[in-house]
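**Q**
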Amino acid sequence: METKTRITIRSKTLGVLIHDARLAARMSISECAKALGIGDITFRSYEKGKKSPSLPELEVLAFFLDLPITHFWGKDTISDNAPPTAPLDLPRLVGLRQRMIGALLRQERTKTSISMKSLAKQGGISANKLKSYEMGERPIPVPELEILISALGGRIENLLDTSGPIGQWIAQQKAIEDFLELPPELQEFVCQPVNRPYLELAHTLSDLSAEKLRSVAEGILDITF
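What follows is the structure in structure tokens.
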């Protein structure tokens with residue numbers, strides 16, 4: 000395939016990926032163009048594959064759309080990778096979580112044998128209001144929830160969603176935060192595919208008892224000496 004044809008095909012493919020990524024991020028052409036410091040017409044030509052962005056522009060776009068830059072090296076659109084599920088009904092999810100948090104609050108209060116009247120007093124609210132919170136009939140403002148759960152000896156972090164779609168997202172964000180807290184040299188080590196066997200070995204060893212670890216260490220000594 001001649002060079003000109005390859006460039007044309009690549010430009011078209013890149014344009015499709017850019018267009019799809021922008022739609023997935025719910026960004027307008029104007030917003031993306033402004034982020035890159037170019038005009039709407041130029042950005043539109045990128046999406047149509049008539050022109051192609053420079054590498055710095057692509058890097059900024061990936062950052063702006065919160066995507067890994069490697070997304071633009073492939074051919075798969077975000078819609079292709081999306082799970083075959085219906086869009087989330089977020090308002091319904093809010094109501095469901097509201098009822099769950101109310102039930103958890105009631106459960107913790109019962110466990111600690113604190114009366115509704117006593118907890119309401121500590122939270123600076125009426126018993127009727129606390130009851131409506133526990134029944135999931137009304138949302139609990141975060142400052143009030145923090146005071147109530149603290150009075151029960153708990154922490155608001157323990158009430159975070161852990162199993163639903165938002166809970167999975169929270170777990171992913173926590174994993175990213177934990178990774179970024181590692182020293183740069185460890186981050187680099189983890190990211191190298193060639194080091195995966197060492198990580199898997201470390202994971203396996205972490206599950207072993209002290210006795211089994213001692214046995215493994217003795218076995219290694221027998222081999223090396």
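All residue numbers for the sequence shown refer to numbering that gives the first Met the number 0, where the first residue is 0 and numbers rise by one. Glycine included, each C-beta is placed from N, C-alpha and C at the ideal position. From a predicted model like this one, the values you see are computed outputs, not experimental measurements.
(1) Using three-state DSSP, classify residue 128 as helix, strand or coil.
(2) If distances are taken between C-alpha atoms only, which option among 117, 110, 97, 123 comes closest to residue 132?
(3) Quick one: using the 10 Å Cβ neighbour count with 16 as the cut-off for buried, is residue 45 buried or exposed?
(4) If you check the beta carbons only, do residue 26 and residue 64 fall under 8 angstroms apart?
(5) So, are the CB atoms of residue 35 and residue 15 less than 8 angstroms apart?
(6) Quick one: what does DSSP say residue 229 is sitting in, helix, strand or coil?
(7) Between which two residues does the alpha helix (DSSP H) carrying residue 4 extend?
(8) Here's the rule I'm using: 16 or more other beta-carbon atoms within 10 Å means buried, otherwise exposed. How should residue 101 be labelled?
(9) Evaluate residue 178 with the Cβ neighbour count: other Cβ atoms within 10 Å of its Cβ, from every protein chain shown; 16 or more gives buried, anything less gives exposed.
(10) In whole angstroms, give me the CA-to-CA distance for residue 4 and residue 50.
(11) Is it right to say residue 190 is buried, meaning 16 or more other beta carbons lie within 10 angstroms of its own, or is it exposed?
(12) Since residue 172 and residue 150 are thought to touch, with beta carbons under 8 angstroms apart, how far apart are those beta carbons, to the nearest angstrom?
(13) Rounded to the nearest angstrom, what separates residue 169 and residue 199 at their Cα positions?
**A** Once the coordinates are examined:
(1) In the sequence shown, residue 128 corresponds to position 129, counting from 1. Looking at residue 128 - three-state DSSP - the assignment turns out to be helix.
(2) Here residue 132 corresponds to residue number 133 of the sequence shown, with the count starting at 1. Selected option, being the one with the closest Cα: 97.
(3) Counted from its first residue, the sequence shown places residue 45 at position 46. Classification of residue 45: buried, given that the 10 Å Cβ count is 16 or more.
(4) Along the sequence shown, one-based indexing puts residue 26 at 27. Along the sequence shown, one-based indexing puts residue 64 at 65. Yes; because the gap between Cβ atoms is below 8 angstroms, this pair is in contact.
(5) Here residue 35 refers to the residue found at position 36 when the sequence shown is read from its first residue. Here residue 15 refers to the residue found at position 16 when the sequence shown is read from its first residue. No, they are not a contact pair.
(6) Outside the displayed range of the chain (0 to 224) lies residue 229, so it cannot be described from this structure.
(7) Start at 1 with the first residue of the sequence shown, and residue 4 comes out as number 5. 2 to 23 is the span of the alpha helix (DSSP H), which, as asked, contains residue 4.
(8) Translated into positions along the sequence shown, residue 101 becomes position 102. Buried, since its Cβ has 16 or more Cβ neighbours within 10 Å.
(9) Working through the sequence shown from its first residue, we reach residue 178 at position 179. Classification for residue 178: exposed.
(10) On the sequence shown, residue 4 is found 5 positions in, with the first residue counted as 1. On the sequence shown, residue 50 is found 51 positions in, with the first residue counted as 1. Their Cα atoms are separated by approximately 14 angstroms.
(11) Indexing the sequence shown from 1 puts residue 190 at position 191. Exposed, by the Cβ-count rule.
(12) Numbered from its first residue, the sequence shown carries residue 172 at position 173. Numbered from its first residue, the sequence shown carries residue 150 at position 151. Going by Cβ atoms, the distance from residue 172 to residue 150 rounds to 28 angstroms, so no, they are not a contact pair.
(13) On the sequence shown, residue 169 is found 170 positions in, with the first residue counted as 1. On the sequence shown, residue 199 is found 200 positions in, with the first residue counted as 1. In a straight line, the C-alpha of residue 169 is about 24 angstroms away from that of residue 199.
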